[in-house]
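The listed protein sequences derive, respectively, from chains H and E. Note that the first sequence covers residues 2 to 384 in my numbering. Note that the second sequence covers residues 2 to 384 in my numbering. Since the structure comes first, as structure tokens, the remarks are kept for the end.
There are 2 protein chains.
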Amino acid sequence: MSALSDDRRLHGHLIGQQGSRRALNTPVLVLDLDVLEANIAAMARKAAAAGARLRPHAKTHKSVDIARRQVAAGAFGLCCAKLGEAEALAAGDIGNLHVTSPVVSPPAIARLVALNGRSPGLSVVADHPDNVAALAAAAQPDAPLTVYVDIDPGIRRTGVAGDEAAVALARQIAEAPSLRFGGVQKYCGREQHIEDYAERRAAILAQTEALKGTLTALAQAGLAPPVVTGGGTGTHEIDLELGVFNELQVGSYVFMDDQYAACQLGAAPGQPYGRSLMVDARVVSANHGPLVTLDAGFKAFSTDADPPQVLAGAPDGARFAFMGDEHGALIAPGVGEALRPGEMVTLAVPHCDPTVNLYESYHVVRGDTLVDIWPVSARGRSR
Amino acid sequence: MSALSDDRRLHGHLIGQQGSRRALNTPVLVLDLDVLEANIAAMARKAAAAGARLRPHAKTHKSVDIARRQVAAGAFGLCCAKLGEAEALAAGDIGNLHVTSPVVSPPAIARLVALNGRSPGLSVVADHPDNVAALAAAAQPDAPLTVYVDIDPGIRRTGVAGDEAAVALARQIAEAPSLRFGGVQKYCGREQHIEDYAERRAAILAQTEALKGTLTALAQAGLAPPVVTGGGTGTHEIDLELGVFNELQVGSYVFMDDQYAACQLGAAPGQPYGRSLMVDARVVSANHGPLVTLDAGFKAFSTDADPPQVLAGAPDGARFAFMGDEHGALIAPGVGEALRPGEMVTLAVPHCDPTVNLYESYHVVRGDTLVDIWPVSARGRSR
């Protein structure tokens with residue numbers, strides 16, 4: 002907790018002070034609690050109305066505090082991208098954790114079995130018979146490990162590649178005394194970010210038709226999966242409408258980054274979720290008319306997406322450009338006259354998952370007042 | 002220290018066990034201690050022979066343990082990109098810290114002045130008269146703060162833009178009772194990575210000619226700078242040959258990432274430094290002939306440079322491609338037959354500074370044996 006203590010030591014005295022957001026050291030990851038709560042409530046209502054189970058993805062936020070709020074709003078449990086994330090959430094007493102990537106190495110399998118002994122409702126995916134054999138050998142029949150078959154949506158990242166392989170793997174799981182067949186997972190990652198709604202709908206319809214075929218093949222083999230898990234923020238409205246998934250792994254809806262802000266999420270115009278996550282930065286150098294330098298660079302934003310949009314504090318039309326690890330340029334006519342060193346600018350988050358992973362904590366605000374500091378509990382837990 | 006404790010809890014029992022590198026959970030940041038020590042010694046010898054002072058840049062490694070080894074080999078102190086890095090190194094009793102970016106906001110200036118009271122030899126750069134005025138107002142005449150004039154090498158990131166501004170700022174610093182004029186800094190970041198040696202030499206010659214003009218202007222104003230600091234791994238041989246800088250801020254030579262491996266560093270053929278830093282990852286899915294999936298993605302490597310080169314464990318010619326936050330593809334004919342889930346692959350580090358920033362610790366090896374676990378002391382300290 003050194004890092005959290007560091008942020009608490011630095012900023013803890015500002016909690017509850019009106020307007021204290023302006024006094025924070027920068028760059029700082031700011032979370033608008035009103036918007037976060039509204040997003041969590043809106044998704045919970047939508048899933049409940051459709052009768053689907055929510056298991057939001059913690060890879061987005063990596064936060065015990067946010068997971069607790071999702072569970073309090075009705076989520077069944079949380080998804081985790083890696084075993085290390087699940088260990089961090091389990092340490093915060095979050096249960097029904099589902100690890101969405103295979104766990105394959107001997108040291109990791111030993112950790113997984115140990116976690117299964119202390120975290121009720123744990124599950125993991127597999128996509129290879131060798132891995133299922135290793136899991137079966139490591140787990141104990143008196144504390145069986147729940148394993149889902151991961152189905153490749155065609156991107157060849159993880160997952161079995163066809164119905165025959167899915168049935169064979171499900172059978173191998175079901176027949177192992179130390180394992181329990183939990184269901185199937187199909188995560189259509191590529192489809193989530195198709196910006197046009199109709200195009201996205203057509204793509205996910207095709208994926209869902211293929212999934213139906215897999216489910217039929219499993220049912221015919223006597224292996225009808227109890228849970229069909231998948232989906233994401235980009236496709237959840239369509240997934241709920243189609244009704245094939247009975248559990249949704251939505252993640253980014255809590256924050257709404259630049260990537261999702263560019264997608265029309267529902268059939269209706271307007272966005273059902275608001276932006277809750279942003280980065281406050283400051284001008285650190287202003288010696289030129291058309292640009293100033295901010296104190297935020299590659300270590301403040303992940304660079305796998307476009308550079309962040311500018312939300313507040315800068316002249317209209319100002320754009321951000323990276324200037325290395327620690328700096329970015331804010332470019333606009335006259336910005337060097339408009340902004341002096343020390344002035345604060347608010348930037349969007351281009352892609353939330355890897356950007357959050359750069360920070361030790363969320364600085365939680367209501368309006369312009371710091372109201373709490375939450376650790377990014379699973380930061381760096383990629384193992 | 003929760004994160005370090007986590008890695009120590011996970012892997013501490015492996016320290017000293019022969020071959021234990023193969024038993025580490027992945028992805029893991031691996032540091033070859035033999036190569037690191039050779040790199041530190043080689044740079045120390047080179048600077049000593051040229052009579053220049055070394056103040057290596059901690060933005061590369063963010064590590065108290067590596068900083069201690071640099072100081073033990075003769076370094077005067079360490080450079081830090083941000084105040085937060087300097088605070089982390091000062092907590093490890095590293096002295097003569099120089100902050101290479103302006104510190105401008107009121108909360109940060111208060112921290113800087115506090116650090117100046119407990120960290121002997123601290124200095125900071127400035128590039129704006131408002132900032133110098135704020136530093137002068139915050140510092141105390143009985144504990145003066147050492148301030149360098151930062152000179153813009155033409156990239157407009159930080160630094161004063163001309164000789165006149167440099168002289169005016171140096172005078173303002175020298176005349177403030179609570180400040181001390183430390184010298185000038187000119188960091189030619191763009192020139193460091195010019196891959197061709199002759200081209201790089203020509204570029205840095207032009208920059209050095211301009212710097213000589215600035216130094217003459219300062220001397221004529223009675224403000225001859227005691228220290229002229231700058232340079233980097235890419236230009237240090239040329240900087241030492243030209244003899245205008247009397248202090249070098251070399252950073253990446255300790256690790257040699259992909260970006261610097263592509264640069265011929267000296268006039269002589271061959272590289273004077275070896276690659277000490279790498280990432281071990283494992284195959285997590287292998288259901289296809291031409292590619293397997295590794296457990297390392299955007300959270301294991303920064304993405305501001307090209308994807309990492311493949312160093313070991315894979316068929317010749319295999320290349321890495323990102324597949325999201327947690328995964329990467331290893332692509333080569335027949336790789337899916339050659340590698341099974343769980344097998345280990347060693348990858349290079351594309352750009353060391355932001356990649357190191359993703360990890361809590363270095364897993365330090367000699368050969369294939371884990372010999373220590375060092376915290377990335379200043380990870381995330383971008384404030």
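All C-beta atoms, glycine included, are put in the ideal place defined by N, C-alpha and C. Please read all numbers here as calculations on a predicted model, not as lab measurements.
Between residue i and the ligand ATP, is there a pair consisting of the residue's CB and a ligand heavy atom that are separated by less than 8 Å?
i, result
"H:Q173", "Ligands displayed in this structure: none; no statement on the ligand ATP is therefore possible."
Suppose you measure from the CA of residue i to the CA of residue j; what does that come to, to the nearest Å?
i, j, result
"H:M2", "H:H14", "Annotation note: pLDDT 38 at H:M2 (below 50); position unreliable, coordinate value reported separately. One C-alpha to the other measures close to 18 Å."
"H:S388", "H:T356", "In the structure displayed, chain H extends from 2 to 384; residue 388 of chain H sits before or after that span and is not available."
"H:A222", "E:R23", "40 Å"
"H:D143", "H:I67", "33 Å"
"H:R56", "H:A76", "6 Å"
"H:G190", "E:S362", "30 Å"
"H:M345", "E:K213", "36 Å"
"E:D8", "H:N132", "25 Å"
"E:W375", "E:N26", "16 Å"
"H:P227", "H:T147", "12 Å"
"E:R367", "H:D33", "47 Å"
"E:S6", "H:A109", "18 Å"
"E:A92", "E:G160", "28 Å"
"H:D153", "H:P342", "50 Å"
"E:L11", "E:T304", "27 Å"
"H:G163", "H:T215", "8 Å"
"H:A140", "H:P103", "15 Å"
"E:P107", "E:V168", "25 Å"
Interface residues of chain H around residue i at Cβ under 7 Å?
i, result
"E:Y360", "G381"
"E:K63", "Per Cβ cutoff of 7 Å: no residues; E:K63 is ~10 Å from chain H at best."
"E:A423", "The question about residue 423 of chain E has no answer here: the residues shown for chain E are numbered 2 through 384."
"E:D354", "D326"
"E:A24", "P108"
"E:K60", "D326"
Run through the DSSP bridge pairs and tell me what residue i is partnered with.
i, result
"E:M345", "E:R283"
"H:T356", "Partner(s): none; H:T356 has no beta bridge."
"H:T230", "H:Q186, H:E248"
"E:Y386", "This structure does not reach residue 386 of chain E, given that chain E is present from 2 up to 384, and the question cannot be answered."
"E:V150", "E:A127, E:V185"
"H:T294", "H:S286, H:A330"
"H:A144", "H:Q141"
"H:R10", "H:R10 pairs with nothing; no bridge assigned."
"H:H99", "H:C80, H:S124"
"E:V311", "E:L348"
"H:R320", "H:I332"
Quick one: using the 10 Å Cβ neighbour count with 16 as the cut-off for buried, is residue i buried or exposed?
i, result
"E:A333", "buried"
"H:D128", "buried"
"E:G85", "buried"
"H:E338", "exposed"
"H:D94", "exposed"
"H:R46", "exposed"
"E:D317", "exposed"
List the residues of chain E that residue i touches, going by C-beta distances under 9 Å, in chain order.
i, result
"H:R172", "In chain order: nothing, as chain E lies at least about 17 Å away."
Using a C-beta to C-beta distance shorter than 9 Å, which residues of chain H count as neighbours of residue i?
i, result
"E:E192", "By Cβ distance, chain H contributes nothing, its closest Cβ being about 14 Å from E:E192, past 9 Å."
"E:A177", "By Cβ distance, chain H contributes nothing, its closest Cβ being about 17 Å from E:A177, past 9 Å."
"E:A162", "N288, H289"
Going along chain E, which residues have a C-beta under 7 Å from residue i?
i, result
"H:D131", "R341, P342"
"H:R157", "H289, L292"
"H:A167", "What H:A167 touches in chain E: nothing, since even the nearest Cβ is about 11 Å away."
Counting only Cβ pairs nearer than 8 Å, list the residues of chain E close to residue i.
i, result
"H:S303", "F299, T304"
"H:A74", "Going along chain E, no residue has its Cβ under 8 Å from H:A74, so there is no contact; the nearest lies around 25 Å."
"H:V285", "S102, P103, V105, T159"
"H:V134", "The residue asked about is misnamed: residue 134 of chain H is Ala in this sequence, not Val. Result: empty, since nearest Cβ-Cβ is about 11 Å, beyond 8 Å."
"H:P28", "S383, R384"
What does residue i touch in chain H if you count any residue whose Cβ is under 8 Å from its own?
i, result
"E:K83", "D296, E327"
Counting Cβ pairs closer than 8 Å, one from the stretch 164-176 of chain E and one from the stretch 228-239 of chain E, do we hit at least three? Contact between the stretch 164-176 of chain E and the stretch 228-239 of chain E is absent, because fewer than three Cβ pairs lie under 8 Å.
Within the chosen definition, does the stretch 309-317 of chain H reach the stretch 36-52 of chain H through at least 3 CB pairs nearer than 8 Å? Because the criterion of three Cβ pairs below 8 Å is not met, the stretch 309-317 of chain H and the stretch 36-52 of chain H do not touch.
Touch check for the stretch 242-259 of chain E and the stretch 58-65 of chain E: three-plus C-beta pairs under 8 Å? With a cut-off of 8 Å, the stretch 58-65 of chain E and the stretch 242-259 of chain E count as touching, because enough Cβ pairs lie within range.
If we count Cβ pairs, one from each stretch, closer than 8 Å, do we get three or more for the stretch 278-286 of chain H versus the stretch 296-304 of chain H? Counting C-beta pairs with one atom in each stretch, the stretch 278-286 of chain H and the stretch 296-304 of chain H have three or more that are closer than 8 Å, which means they touch.
Under 8 Å: do the stretch 205-212 of chain E and the stretch 238-246 of chain E share three or more Cβ pairs, one atom per stretch? Segments in contact, yes.
Can you confirm whether the stretch 182-202 of chain H touches the stretch 255-272 of chain H when touching is taken to mean that 3 or more C-beta pairs between the two stretches lie within less than 8 Å? Result yes; three or more Cβ-Cβ pairs closer than 8 Å.
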